[in-house]
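Working notes for the structure below.
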Amino acid sequence: MGFTRKKKLFGNAVIITRGRAELEKKDLIETFIGQASVALQRRRAEEELKKYREHLEEMVEGRTAEIKAANERLQREIAERINAERALLESEAKLQKQKSALEQKNIALGEVIAQIEVEKRRIKDDIETNVNIVVSPILEKLKIEKASAKYVNLLQYHLERLTFSFGNKITKKSLKLTPREIEVCNMVKGGLTSKDISNLLNISYRTIEKHRRNIRHKLGISNKRINLTSFLREF
Numbered sequence: 001m002g003f004t005r006k007k008k009l010f011g012n013a014v015i016i017t018r019g020r021a022e023l024e025k026k027d028l029i030e031t032f033i034g035q036a037s038v039a040l041q042r043r044r045a046e047e048e049l050k051k052y053r054e055h056l057e058e059m060v061e062g063r064t065a066e067i068k069a070a071n072e073r074l075q076r077e078i079a080e081r082i083n084a085e086r087a088l089l090e091s092e093a094k095l096q097k098q099k100s101a102l103e104q105k106n107i108a109l110g111e112v113i114a115q116i117e118v119e120k121r122r123i124k125d126d127i128e129t130n131v132n133i134v135v136s137p138i139l140e141k142l143k144i145e146k147a148s149a150k151y152v153n154l155l156q157y158h159l160e161r162l163t164f165s166f167g168n169k170i171t172k173k174s175l176k177l178t179p180r181e182i183e184v185c186n187m188v189k190g191g192l193t194s195k196d197i198s199n200l201l202n203i204s205y206r207t208i209e210k211h212r213r214n215i216r217h218k219l220g221i222s223n224k225r226i227n228l229t230s231f232l233r234e235f
């Protein structure tokens, strides 16, 4: 009876031992499976991380390319704007220069116009003076019967020189020429000799010579070897 009990106990021990071994084996398998699963998950995670990194790098490269392209566009736009502003400044400077040149031309034109007006007034004054001082006396002489043809030639000579300043110059108060001396000057300038003048004015030759001497003195050419006719024509 004691043997049977021992045997029974031993058998139970074997069963317990075997059961424990199976349990340990099962735990080991589960542990191995768990470790394998963890390793597999880790591997998958690493692969996913790698893919994400690669994708991220691609995104960064793409973004970098976009930024680079945008930067290049910006640089081109800046360069174009600078060139446009430079061209605008050059155009404004050119327009300002043209404006200044035009203003200078307008000023010069105004001065020319003013000078023309002055010249017109001078010519008008010269004509009026020449008509009154030179031409009118000759016309009066022509009204006389049997007036010499020399008066006609003298009239023609002075009519051709109506715009000259001779009349104004010869009648200057500073010269102090008498009306008769001015008349003699007009005739001498027209190429008439003292004899011609004497006959036309119906006065003596000596009187004409005296007038000529007075004229030379008042014109400042006394005792000078200067031809009076030439001097008056250049006067």
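Quick note on numbering: the sequence shown equals residues 1 to 235 in full-length UniProt numbering. Note that beta-carbon positions come from the ideal geometry of N, C-alpha and C, so glycine has one too. Just so it is clear, the structure is predicted and the values come from calculations on it, not from any experiment.
#1: Please list, in chain order, all residues of the same chain as K216 whose beta carbon is under 7 Å from its beta carbon, the five residues on each side excluded.
#2: By a C-beta neighbour count over all protein chains shown, 10 Å radius and 16 as the cutoff for buried, is T31 buried or exposed?
#3: Among residues of its own chain, excluding the 5 on either side of S198, which ones have a beta-carbon nearer than 6 Å to its beta-carbon?
#4: Are K172 and K218 closer than 8 Å when you measure CB to CB?
#5: Would you call the CB atoms of D125 and N168 closer than 8 Å?
#6: Buried or exposed: where does E183 fall if 16 or more other Cβ atoms within 10 Å of its Cβ makes it buried?
#7: Rounded to a whole number of angstroms, what is the C-alpha to C-alpha distance between L109 and R233?
#8: For the alpha helix (DSSP H) that contains residue 266, what are its first and last residues?
#9: Which value, in whole angstroms, describes the spacing of the CA atoms of S91 and I78?
#10: Helix, strand or coil for G191 per DSSP?
#11: Taking just the CA atoms, how far does E85 sit from L56?
#12: Any idea what DSSP makes of P137, helix, strand or coil?
#13: Closest to P137 by CA distance: which of I29, L201, I67 is it?
#14: Please check if any C-beta of chain C sits within less than 8 Å of the C-beta of T31.
#15: What are the boundary residues of the alpha helix (DSSP H) that includes N202?
#16: Can you give the Cα-Cα distance for residue 236 and G220, rounded to whole angstroms?
#17: By the 10 Å Cβ neighbour count, where 16 or more other Cβ atoms means buried, how is I170 classified, buried or exposed?
#18: Start and end of the alpha helix (DSSP H) containing K169?
Taking the coordinates as given:
#1: Per the sequence shown, the amino acid found at residue 216 is Arg instead of Lys. Once the five neighbours on either side are set aside, the close Cβ partners of R216 are S222, L228.
#2: exposed
#3: Y205, I208
#4: no
#5: yes
#6: buried
#7: 33 Å
#8: The question about residue 266 has no answer here: the residues shown for the chain are numbered 1 through 235.
#9: 19 Å
#10: coil
#11: 42 Å
#12: helix
#13: L201
#14: Here chain C cannot be found, since the structure has a single protein chain.
#15: Here N202 belongs to no alpha helix (DSSP H), and DSSP marks it neither H nor E.
#16: Not covered by the structure: residue 236. The range shown for the chain is 1 to 235.
#17: buried
#18: 166 to 170
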